[in-house]
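Asks: For the sequence shown, our numbering begins at 1 and goes up steadily by one.
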Amino acid sequence: MKKPLLFIVAWIWAAIIQVSGQQKFSELSAAQKKLYKEHIVEGQPDGEKPVYVRQGYVMRYNEVFRIPDWVCYHIKPDYLNAPERERRFGSFKTDPQVPDPVTKDEYTGSGFDRGHMAPFFAMGGDRDKNNFYSDAEDRRRDPYDDSTAIQANFMSNITPQDPGAFNGSAGPWNKLETFIRKVLVGDNNMELNIYTGAIVSDPDHFEVVKTGKRKKTGIAVPDQFYQILIFKDKATKEYITGAFLFPHVRDRSDLPFEDLLDYMVPVDDIEKLTGLNFLSELSDNAQKKIESKTNREFWEKIN
Ligand SMILES: [Ca+2]
Ligand SMILES: [Ca+2]
Numbered sequence: 001m002k003k004p005l006l007f008i009v010a011w012i013w014a015a016i017i018q019v020s021g022q023q024k025f026s027e028l029s030a031a032q033k034k035l036y037k038e039h040i041v042e043g044q045p046d047g048e049k050p051v052y053v054r055q056g057y058v059m060r061y062n063e064v065f066r067i068p069d070w071v072c073y074h075i076k077p078d079y080l081n082a083p084e085r086e087r088r089f090g091s092f093k094t095d096p097q098v099p100d101p102v103t104k105d106e107y108t109g110s111g112f113d114r115g116h117m118a119p120f121f122a123m124g125g126d127r128d129k130n131n132f133y134s135d136a137e138d139r140r141r142d143p144y145d146d147s148t149a150i151q152a153n154f155m156s157n158i159t160p161q162d163p164g165a166f167n168g169s170a171g172p173w174n175k176l177e178t179f180i181r182k183v184l185v186g187d188n189n190m191e192l193n194i195y196t197g198a199i200v201s202d203p204d205h206f207e208v209v210k211t212g213k214r215k216k217t218g219i220a221v222p223d224q225f226y227q228i229l230i231f232k233d234k235a236t237k238e239y240i241t242g243a244f245l246f247p248h249v250r251d252r253s254d255l256p257f258e259d260l261l262d263y264m265v266p267v268d269d270i271e272k273l274t275g276l277n278f279l280s281e282l283s284d285n286a287q288k289k290i291e292s293k294t295n296r297e298f299w300e301k302i303n
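#1: Could you tell me whether any non-hydrogen atom of ligand 2 is closer than 7 Å to the CB of V267?
#2: I'd like to know whether the C-beta atoms of Q340 and F244 end up nearer to each other than 8 Å.
#3: Just checking N130 against ligand 1 - is the residue's beta carbon closer than 7 Å to any of the ligand's heavy atoms?
#4: Below 8 Å on the Cβ atoms is my guess for D95 versus S156; work out the distance and round it to an integer in Å.
#5: For D268 and S169, I'd like the C-alpha separation in whole angstroms.
#6: Taking only runs of the alpha helix (DSSP H) that begin and end inside the segment 138 to 169, which ones reach a length of at least 4 residues, in chain order?
#7: Report the rounded CA-to-CA distance for D78 versus V98, giving the unit in angstroms.
#8: Should E291 be listed as close to ligand 2, given that the test is whether its C-beta is under 7 Å from any heavy atom?
#9: Do the segment 189 to 196 and the segment 206 to 214 meet, that is, are 3 or more Cβ pairs less than 8 Å apart?
#10: Can you give the Cα-Cα distance for Q18 and N303, rounded to whole angstroms?
#11: Check whether the segment 145 to 155 touches the segment 238 to 253, taking contact to mean three or more Cβ pairs, one atom from each stretch, closer than 8 Å.
#12: Should S283 go down as buried or exposed, given a rule of 16 or more other Cβ atoms within 10 Å for buried?
#13: So within the segment 199 to 250, which uninterrupted beta strand (DSSP E) runs reach at least 3 residues, ignoring any that extend past its ends?
#14: Does P83 come out as helix, strand or coil in the three-state DSSP assignment?
#15: Answer with yes or no whether the minimum CB distance from F121 to chain B is below 8 Å.
#16: Does ligand 3 have a heavy atom nearer than 7 Å to the CB of N285?
#17: Under 8 Å by Cβ, that's how I've got T211 and E106 pegged, so tell me the actual separation to the nearest angstrom.
#18: Going by the DSSP bridge assignment, what does L282 pair with across the sheet?
What follows is the structure in structure tokens.
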């Protein structure tokens, strides 16, 4: 009797999460609202559009492009204690909540990396505060912290990125991730909220990922990506932003800049490109102060 019952319970559970899809803030459970508020500060950039709330990030998923529009995650030093990306944390997984979900095979042979939007390195930490961490070497395992890391590898958190010129070690995406992980959070113990976003400039004509068998997947290849770093100064309680806009180049010789900070733009520029409004709950004056310029000098002095 036990097995069929388990199967039925699993089936009902799968059915529930399958149909749940993205949710508006008002539809979230108390626990989800708590997570949402951890990751998204001072207002969702697209108002009340439904989102997916994960332990390590909040995501607005675009079902037409089959990639996220944006992902927002909170990062602090403890969260860098992510498990090694091997064994159960090493593989990408189909997102159980997304309709028509992307499978990992849809990138196979395409020439694109499976590029994380919420990075795996930020998905560690003892998030349920029980003194146990997710650790592949440690048989004790912590199911809650395990699932935070596993959710990072959902294919819904992935976008197609060029492996050499963009996501690779010389690429600007990789350089910024390294700056965040190593310098800002690692060496300087900074706590940040970060948006990562994908821009598909022409929604009527866009490149799609094709598998090695030249099968079209419908997954849009973004032509630009952005990241917006939000730091709250604990002393002054004021926010400072750092926005980066990257062309999705496929050839290193097409990279416009050598220096990562040369990619900085005012948040205003990204708002114009995307139609989003970041930090919308701050006063207009407070937004103008930090969004109309790059604030490069603030980020430049951190090393
Ligand atoms: Ca824990
Ligand atoms: Ca704004």
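By construction, the Cβ of each residue, glycine as well, lies at the ideal position given by its N, Cα and C atoms.
Replies: Per the coordinate set shown:
#1: Here residue 267 refers to the residue found at position 267 when the sequence shown is read from its first residue. Checking every heavy atom of ligand 2 against the Cβ of V267, one is found closer than 7 Å.
#2: The displayed coordinates of the chain run from 1 to 303. Any statement about residue 340 would go beyond what the structure contains.
#3: Within the sequence shown, numbered from 1, the residue matching residue 130 stands at position 130. Yes, the Cβ of N130 comes within 7 Å of a heavy atom of ligand 1.
#4: The residue labelled residue 95 in the question sits at position 95 within the sequence shown. The residue labelled residue 156 in the question sits at position 156 within the sequence shown. Sure, about 4 Å apart at Cβ, within 8 Å.
#5: Walking along the sequence shown from the start, residue 268 turns up at place 268. Walking along the sequence shown from the start, residue 169 turns up at place 169. One C-alpha to the other measures close to 29 Å.
#6: 143 to 152
#7: Counting from one through the sequence shown, the residue named residue 78 turns up at place 78. Counting from one through the sequence shown, the residue named residue 98 turns up at place 98. One C-alpha to the other measures close to 29 Å.
#8: As a working mapping, residue 291 is identified with position 291 in the sequence shown. Yes - ligand 2 has a heavy atom lying nearer than 7 Å to the Cβ of E291.
#9: no
#10: The residue labelled residue 18 in the question sits at position 18 within the sequence shown. The residue labelled residue 303 in the question sits at position 303 within the sequence shown. Reliability of the predicted coordinates at Q18 is poor, the pLDDT of 49 falling under 50, and the value obtained from them is presented with this limitation in mind. Their backbone Cα atoms lie some 45 Å apart in a straight line.
#11: no
#12: Numbered from its first residue, the sequence shown carries residue 283 at position 283. Its Cβ having fewer than 16 others within 10 Å, S283 is exposed.
#13: 208 to 210, 216 to 220, 224 to 232 and 239 to 247
#14: In the sequence shown, residue 83 corresponds to position 83, counting from 1. Residue state, collapsed to three classes: coil.
#15: The displayed structure is made up of one protein chain only, and chain B is not part of it.
#16: This structure lacks ligand 3; its bound ligands are ligand 1 and ligand 2.
#17: To locate residue 211, count along the sequence shown from 1; it is residue 211. To locate residue 106, count along the sequence shown from 1; it is residue 106. Sure, about 6 Å apart at Cβ, within 8 Å.
#18: Start at 1 with the first residue of the sequence shown, and residue 282 comes out as number 282. Beta-bridge pairing links L282 to no other residue.
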